[in-house]
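The next block holds one structure in the form of structure tokens; read it before the comments.
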Amino acid sequence: MWRAKSTKESISAGFLLAVLLLLSGSAAECYPEYQAFIEKRSGKTVDCAVCHVNANGPVGRESGQIGSLSQKQLAQLNAARAAIEPEMLKEDNPILNRLGNSIIRTIGKKKFLEHRQDPEKLAELLGNKSDLDNDGIPDSQEYLDGTDALNSSHGEPFKLFLVNLNRYKYHLALAALAVFILDWGFAHLIQGFYLQSKMGKAGNHE
Amino acid sequence: MIDSVLFIALPYLAIFICIFGSIYRIRKMPMTYSALSSQFLESKSLVWGSVPWHIGIITIVLAHLFALICPGLWQMLMAYKNVLLITEALGLAMGICCLVGLIVLGIRRISSQRIQAVTSRMDLLVLFLLTAQVIFGIGTAVLHRWGAAWATGTAVPYIWSLFTLQPDLSYISDLPHMVKAHIVSAWLLILLVPFSRLIHMFAVPLHYLTRPPQNVLWNNPRHYEAEAAAEEILDTDARREFIKGGVGIAAGTLLLGAGAMDKIFAFFFGPRLTAKEETELMEEKLCRLQATTDQRKLELERQSSKYILVSAMSELSPTEGKYLIDYQMTPAMAFKGEDGLPIVLSAKCTHLGCTVGNTVNKEGKILCPCHVSYFDIKTGEPNADAPAKAPLPILGWALIDKAGKLIASRSSKGEISGDTSSESIKDCDLFIVKTDEVKV
Amino acid sequence: MKAGQSVFATVSNFLSERFPVEHMNFQHMVEKKDVPVHNMSWGYYTGGLTLFFLMVQVVTGLFLLFYYQPTVSDAHLSVEFINKHVAGGALIRNMHTWSASCMIFFAMLHLLTSFAMKAFEKPRELTWIFGVLLLFLTFTFGFTGYLLPWNQIAVNATKVGLQSVEAVGEYLPGALSQLPHILRETFQGEASVGQSTLGRFYALHVVLLPLALLGLISLHLLSVQLHGMSRGVDQPTKKSERFFPFFIFKDLSLWSIVFLLLLILAWCIPFDSFLPYPLLAPYNALGSTPAGIKPEWYFYFLYYPLEMLPFWLILLATGLAVLVLIFTPWIFKGTSRKTLGLITVLASLYLVVMTVFGEQIYHMVKP
């Protein structure tokens, strides 16, 4: 229960932040609807690092936040913000991570903004082609699962299991073969020692 | 011309003679196709010669046959650098094994009187040819490396061209002399099979592996004692088990080694990063070091100064706390209270020490996410059914204006002193204080 | 003088019965050892499996030592480095984490089956006590190892764990009440969990605890081999099999299968996947604690009750449980195996329910 509460709070916090930013005249870059959707659908907590460089969102002075950008990066940020359609985007947005930039490049900022009230659609729009961390689970699926799309050793455990099992099946088969041969060898070695020890006793009898 | 004789005429002759000669000999003189063992004449050095020779030659012949029969599969395997490396190394090792065995066997043939008596000229010829063949093989492996890979494009199609009766010399005409010599002496050896003890290769005792253990007894009364007999069974059985055990462990280790050795080596060798990866790693490292440095600076500051800056009064918010580190190096946070005065309270949950969240809810409370305690920011008190029982301590503070003059302060016990009118504190900076002695 | 002598004699008698020197030879400890065959025989394999996972831990742990750096600025990054860049690093690390969980699981299973089979009967009292101590040691391994990756969940869970130690102080009388605090400070090394804590936990995890484990496990195994397998059931069947070579065969084969399963798990499911990823971020001393901090699954049986019930009750129950575990050979001396089995089933039921459904129960009790 309390998880839901904290989510609600983070939404309200995000909302407040958005309002504050709107009031201060700059365009808001934090879209908490998506975060809320992921948390509700996957039951896992996520933070702004789904799409942003900094886990605490775009506003602030830490690395990856607007306050830390150089002049050149600020220009880059403004250019990226102005690019409504995907083909208008030239350089990556410096406050977004690879997934964030990939989303904007694929569907464009306009569509992204349009789907704020229907976050589930985003997965469909992204399609199954892109897999940035190359872990075998497409980005769109990782988005729905609330797992890290940029870390190959993070994903829905069962899905990762199937993917990796398929990937490593030959390795595993060979390892199994080697282990069973070893086991067979050791078994016979022990049997040999056993017979030898019996032999020693038979000799003692004489 | 000479090439045609050596690589077309000789092979066909050799294969023809080998097949029909062997069939004739096995049919007509069945008792003679054996290894003509001389073990009962001399057994000590035989072990040191025969065993390495046979282990080596069987492995190598099987590998040659495998490459010959399934060149596609072989080539696919050799495309992996590790497999190729292991195959070459193994081949060379086995070759040396063969050579050592042959040398021991040769010395034995020459030095032992009893063996000399049963040695024919053919035996010596075979021994000489085998030695030459092995030396050519080792020479090829050493001087013209990666034979396991290039043979599928040269020797293998050449032999297939012979089998399909369309002999094609172009595959091997450009090969080095060492390799050619290896091929020629191979044909010679095949030619000699029906005339020598080499024919015993058609009598490999494979059934040894599967047959039940036999009890071999001397037909002599002094050996009839039961216990001795039992001992002999045990002895052969134990030996059989040891051999199986040895083979199993060796094969398993080899297979496991082939798969894991390079990775284990690479593990200890360490990764070799690309320039980009290296840069990223360095940046990240620097970033983390910076964070540690900041932390240490904070510690030092708390060690040495009486006041520590939190922020300007104007930056405080009533709903979102500003995190700071208090004098105990634990987290705390600062709000702007309803009365316009700052509220500074510890953010270390009094339950189990988690850091309390900084967002104030509608009831004016902040949440510790670990075990769900809500704390009132004005009093620090937890809600009644919270796991935390003690309130969050409220800390003392001081407000200092831009000129460095102390305007107002609060002790940790809650006494507020100085000028607290909103006008005068508006431009002040908020500090936390080390002791309560700081008073206006 | 006489009393002292007789005490000495009692002790030396007790010890010589438990460690009969005349039996310390290959013949007695290996060749003549028999393993009874009955429907609880599978219980005899649990100890061996625990030992197997311990061996995996030692080997993979040694591998990890080559790259891990126990400082607050480098620890998290070095673990990430192992995962991302080192050849086979991710596999080794996953094997270490998976095998740690397996080891704890089988150690607990071993304790439960040994209890049910009344394996603590005379002359195996000391074997049992060494075993209980080994289990505690294994939990300590889990607790100290958990901090080393220095991510959010590691540090915060350690904070919670250490603070629970301090909370015990309230219930102790007089000067003793300061003891838990002093203990915590000793382990923590500074005011809050930081570099000193990491250094201490590292030293414990890779040097001190392994040494202690080595000593205890030698004694445990020595006494197991000296006294042989306990008969395990009230009406022993006449059947038994030779420990050497038949039982060892089976043990080895089981180990191979288990090794392969471990390999599949470690290769295919990164252990980190079970946690939400904000918890895997490097620990941030200045930020707030992220939601969802919990200990590893093997502490759930202690953690969820701690969340739901008053602290003093848990403290009392835990203290009692520890005492009962240690003095089991004397407390349950006359108890029949049937009763012991019943107790074991109840205890297992509790452990399984708390581990699997702990979170749901917690949400039901505290909505």
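Residue numbers (this note's numbering), protein chains in the order written: chain A, 1021 to 1226; chain X, 0 to 439; chain Y, 446 to 812.
All C-beta atoms in this analysis are idealised placements derived from N, C-alpha and C, irrespective of residue type, glycine included.
In whole angstroms, what is the alpha-carbon distance linking residue i and residue j?
i	j	result
residue 379 of chain X	residue 390 of chain X	5 Å
residue 757 of chain Y	residue 331 of chain X	29 Å
residue 1036 of chain A	residue 1164 of chain A	Confidence at residue 1036 of chain A is low in this model, with a pLDDT of 41, below 50, so the placement of that residue should be treated as unreliable; the coordinate-derived value is given next. Roughly 25 Å between the two C-alpha positions.
residue 1141 of chain A	residue 344 of chain X	44 Å
residue 254 of chain X	residue 708 of chain Y	16 Å
residue 1028 of chain A	residue 76 of chain X	Low confidence applies to residue 1028 of chain A: its pLDDT is 42, below 50, so where it sits in the model is not reliable enough to give any reading.
residue 1043 of chain A	residue 1136 of chain A	In this prediction, residue 1043 of chain A has a pLDDT of 35, which is less than 50 and means its spatial position is unreliable; what the coordinates show is noted afterwards. Using only the alpha carbons, I get a separation of about 20 Å.
residue 321 of chain X	residue 656 of chain Y	46 Å
residue 771 of chain Y	residue 1062 of chain A	44 Å
residue 312 of chain X	residue 720 of chain Y	39 Å
residue 246 of chain X	residue 492 of chain Y	30 Å
residue 1085 of chain A	residue 369 of chain X	27 Å
residue 763 of chain Y	residue 1114 of chain A	53 Å
residue 340 of chain X	residue 366 of chain X	22 Å
residue 56 of chain X	residue 1176 of chain A	52 Å
residue 558 of chain Y	residue 789 of chain Y	8 Å
residue 25 of chain X	residue 250 of chain X	34 Å
residue 825 of chain Y	residue 468 of chain Y	Missing from the structure shown is residue 825 of chain Y; chain Y here goes from 446 to 812 and no further.
residue 457 of chain Y	residue 473 of chain Y	22 Å
Using three-state DSSP, classify residue i as helix, strand or coil.
i	result
residue 1072 of chain A	strand
residue 440 of chain X	Look at the range of chain X in this structure, 0 to 439, and you will see that residue 440 of chain X is not part of it.
residue 144 of chain X	coil
residue 0 of chain X	coil
residue 1045 of chain A	Annotation note: pLDDT 32 at residue 1045 of chain A (below 50); position unreliable, coordinate value reported separately. Coil, per DSSP.
residue 177 of chain X	helix
residue 416 of chain X	strand
residue 458 of chain Y	helix
residue 396 of chain X	strand
residue 411 of chain X	coil
residue 1148 of chain A	coil
residue 322 of chain X	strand
residue 526 of chain Y	helix
residue 1051 of chain A	coil
residue 354 of chain X	strand
residue 1157 of chain A	coil
residue 332 of chain X	strand
residue 1188 of chain A	coil
residue 1067 of chain A	coil
residue 263 of chain X	helix
residue 567 of chain Y	coil
Where does the unbroken alpha helix (DSSP H) through residue i begin, and where does it stop?
i	result
residue 712 of chain Y	693-713
residue 506 of chain Y	488-510
residue 796 of chain Y	782-810
residue 561 of chain Y	534-561
residue 573 of chain Y	570-592
residue 687 of chain Y	From DSSP, residue 687 of chain Y is part of no alpha helix (DSSP H) but of the beta strand (DSSP E) over 685-687.
residue 66 of chain X	43-68
residue 293 of chain X	274-303
residue 749 of chain Y	745-753
residue 663 of chain Y	654-672
residue 157 of chain X	154-162
residue 423 of chain X	421-424
residue 1122 of chain A	1118-1134
Which residues mark the beginning and the end of the beta strand (DSSP E) in which residue i is found?
i	result
residue 430 of chain X	428-432
residue 365 of chain X	364-367
residue 308 of chain X	306-311
residue 11 of chain X	Note, residue 11 of chain X: premise wrong, no beta strand (DSSP E); alpha helix (DSSP H) at 9-27.
residue 494 of chain X	The first residue shown for chain X is 0 and the last is 439, placing residue 494 of chain X beyond what the model contains.
residue 480 of chain Y	479-481
residue 372 of chain X	372-375
- [ ] Take every Cβ of the segment 474-481 of chain Y, pair it with every Cβ of the segment 669-688 of chain Y, and state whether three or more of those distances are shorter than 8 Å.
- [x] yes
Open item on the list: Quick check: the segment 580-593 of chain Y against the segment 639-655 of chain Y, are at least 3 beta-carbon pairs closer than 8 Å?
Closed with: yes
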